[in-house]
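Reading through the structure tokens given below for one structure.
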Amino acid sequence: MSISLTKGQKISLEKEAGGQLTRVVMGLGWDAKKKGGFLGMFGGGAQEIDLDASCVMFDASGQIVDTVWFRQLQSRDGSIQHTGDNRTGAGDGDDEQIIVDLSRVPQSVTALVFVVNSFTGQNFSQVENAYCRLVDQATGREVARYNLSATGSHTAQVMSKVYRHGGEWKMHAIGENASGRTFQDLLPVMRANL
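See below:
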């Protein structure tokens, strides 16, 4: 059974998955709120909102080792892959996914920080049903889910961190609101949560 995480909560991925995880998927999903129209007849369609999921790989000193985002769909070492950019949020299920082979992440990498940002600049008050979730790729079982705040004027959020601790991988639901159109704009917030 999946755990619904709250801001600041930390979990052991192996304990929650019931065994060692090797490949996980960080999924991001969202829907654009419908535009208001006269009695819902005119201008009531959904707007297009381009949220982007990114993963930044950090070493123990807080330096960036590599990044995976819509302009670089795979880490240089091949351990992390982005499945591609969804520019509207349309459709069911995850709109963007980042697949991580934990067994291939270099030992120098101590934390993987996952962020989401509105590339088109709309704030999260215009988004609904937004979430990130971690799935065991081998079984398809959802390990953890974090519902993203869909209110406020922020245009980005540092969603979560998957990190090494005591020889195992853990997850920290950060949920820190921020502003920015790409992961680079969020680096100060990410580093503050390492």
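Numbering follows the UniProt record's numbering, in which position 86 of the sequence shown is assigned residue number 86; successive positions increment by one, without gaps.
We put the CB at the ideal spot given by N, CA and C, even for glycine.
This one's a predicted model, so the numbers in the text were calculated from it and none came from an experiment.
Bridge partners - residue i, DSSP secondary structure assignment
i: residue 72; result: 69
i: residue 28; result: 96 and 132
i: residue 138; result: In the DSSP output, where bridge partners are listed per residue, residue 138 has none listed.
i: residue 173; result: 160
i: residue 10; result: 172
CB of residue i within 8 Å of CB of residue j, strictly
i: residue 171; j: residue 162; result: yes
i: residue 116; j: residue 28; result: yes
i: residue 120; j: residue 58; result: no
i: residue 50; j: residue 79; result: no
i: residue 135; j: residue 142; result: yes
i: residue 196; j: residue 16; result: Here the chain has residues from 1 to 194 only, and residue 196 is not among them.
i: residue 103; j: residue 22; result: yes
i: residue 155; j: residue 108; result: no
Own chain, CB closer than 6 Å to residue i, minus 5 neighbours either side, in chain order
i: residue 69; result: 54 and 183
i: residue 147; result: 131
i: residue 25; result: 97, 99, 135 and 137
i: residue 82; result: 68, 73 and 98
Same chain only: Cβ atoms within 8 Å of residue i, ignoring 5 sequence neighbours per side
i: residue 152; result: 123, 124, 125 and 177
i: residue 186; result: 115, 117, 156, 158, 178 and 180
Limits of the unbroken alpha helix (DSSP H) element including residue i
i: residue 17; result: 13–17
i: residue 112; result: Premise fails: residue 112 lies in the beta strand (DSSP E), 109–118, not in any alpha helix (DSSP H).
i: residue 192; result: 187–192
Cutoff 7 Å; reference residue i; Cβ partners in own chain excluding five residues on either side
i: residue 12; result: 168 and 170
i: residue 164; result: 110
i: residue 62; result: 191 and 194
i: residue 174; result: 158, 159, 160, 161 and 193
i: residue 86; result: 95 and 96
DSSP three-state assignment for residue i, whether helix, strand or coil
i: residue 2; result: coil
i: residue 181; result: coil
i: residue 51; result: strand
i: residue 127; result: strand
i: residue 33; result: coil
i: residue 77; result: coil
i: residue 59; result: strand
Delimiting residues of the beta strand (DSSP E) encompassing residue i
i: residue 104; result: First-last for residue 104: undefined, no H or E at that position.
i: residue 144; result: 141–147
i: residue 165; result: 156–165
i: residue 81; result: 80–82
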